[in-house]
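Residue numbers for the sequence shown follow the working numbering, beginning at 2 and rising by one.
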Amino acid sequence: MMSQNGIRDHMLPKSEKTRDSSSNGVFSNSIVEHFSEKVEGEESKRMDLSVQQPVNCSVEVPVAEVEYIESDKLDDLEDVDKSLKMLIPGLESKDWVLLCETLNNVRRFSIYHKEALQDLLEKVTSLLVKSLKNPRSAVCKTSIMTCADIFKAFGDHVVELLDPLLVQLLLKASQDKRFVCEAAEKALVALTTWVSGLLLLPKLQPYLKNRNPRIRAKASMCFSRSVPRLGVKEIKAFGIDKLIQTAATQLSDQLPESREAARALLLELQNAYEKSPVLAPEPDATSDKPLFQSWEQFCKSNLSKLSAQAVLRVTSVARDGCVSSS
């Protein structure tokens, strides 16, 4: 039977607290967050990808001390079979203490017994999405940390289940609640690290046009991090012209994070193009055009005049800076 004492102790006054030394407790002493929890009523039900309006119906609950376990400090499960049987009921529980404990067990399965979790991954993922929407910050952050461990464990195998998770992570990374936002950004870094860019880029593309500028910025950063992990063949398969067009669009975005991500992506694409002639378009046999176009020619032939000027300004400035500093 799963112990709930470790977490409940944190809700008691300091004089009444007892430290749970169990390695399988929900929280550890490594990271401590102090916050005044807001249960935000119907806000989570109305949450979408647009700019959110503040909801006035909030209820203050007593200040809680919450500790989170980093992945490298999670010990193995004591009873794998028993924990596996309790996994789905625990994730469906309305008891937030039990829910957090079960989420941490999902993380343990991802780290130590991912093969045992494989058959339940679809069901676990759907319940994980529900936990990400939970208005209680402790549940939300633990769910986000669970996502990161799942991405690392299952990599490309999670792509078919990714869409609802990606929506929530982009939303959480765009929030003002700092410790939730930081956890979501780490999960997105894990996503771009462990999932193939060729599979991930199409999932990210729709969010680059989202009407919420923060969503666009987070998606742009993920997009920019994914491209350098592609090989030449993968870039050619996706289409370097499409990548350049995407980056050019983000150059004029509202938020500086989007623009910076676009500049980094363009420099990466310029470097790949100039080092790998295979990325150039195949010449038309009836055309008098040279077999290989320069970077400038390639940009001008695939972008509007204004977009090409903006892209060439970014890449030429970066190149001139490298030359002057050498």
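By construction, the Cβ of each residue, glycine as well, lies at the ideal position given by its N, Cα and C atoms.
Remark: C-beta atoms of LEU266 and PHE224 approach each other more closely than 8 Å.
Nearest to PRO257 by C-alpha distance, out of GLU275, PHE239, LYS219, is LYS219. The segment 184-192 makes contact with the segment 136-149, as at least three CB pairs between them are under 8 Å.
Under a 10 Å Cβ-count criterion, LEU118 is classified as buried, with 16 or more other Cβ atoms of the shown protein chains found around its own Cβ. Between ALA185 and the set TRP296, LEU209, ILE236, LYS142, the nearest pair of CA atoms involves LYS142.
Annotation: the continuous alpha helix (DSSP H) that includes GLU261 extends over 257-276.
ASP73 and PHE239 have their C-alpha atoms roughly 35 Å apart. Between the alpha carbons of ASN272 and PRO278 lies a gap of roughly 11 Å. Between LYS204 and ASP164, the gap from beta carbon to beta carbon is short of 8 Å.
The beta carbon of ALA188 sits closer than 6 Å to those of ILE145, CYS148, ALA149, LEU170, all from its chain and outside the five residues before and after it, given in chain order. No Cβ-Cβ contact shorter than 8 Å links LEU313 with GLN251. In chain order, ILE241, LEU280, ALA281, TRP296, PHE299 place their CB closer than 8 Å to the CB of TYR274, counting only its own chain and leaving out the 5 sequence neighbours on each side. Looking from the CA of ASP82, the closest CA among ARG109, ILE70, VAL318 belongs to ARG109. Closest in alpha carbon position to SER84, among GLU161, GLN206, VAL107, is VAL107. When C-alpha distances from VAL130 are compared across LEU166, ARG264, SER305, the shortest belongs to LEU166.
A residue is called buried when at least 16 other Cβ atoms come within 10 angstroms of its Cβ; VAL196 meets this threshold and is buried. Secondary structure of LEU92 (DSSP, three-state): helix. Residue state for ALA149 is assigned as helix, using DSSP reduced to three classes.
Cβ atoms of GLU102 and LEU162 stay farther apart than 8 Å, at about 23 Å. Judged by beta-carbon spacing, ARG230 lies beyond the 8 Å limit of SER259, meaning their Cβ atoms are not closer than that value.
Annotation: the continuous alpha helix (DSSP H) that includes TYR113 extends over 97-113.
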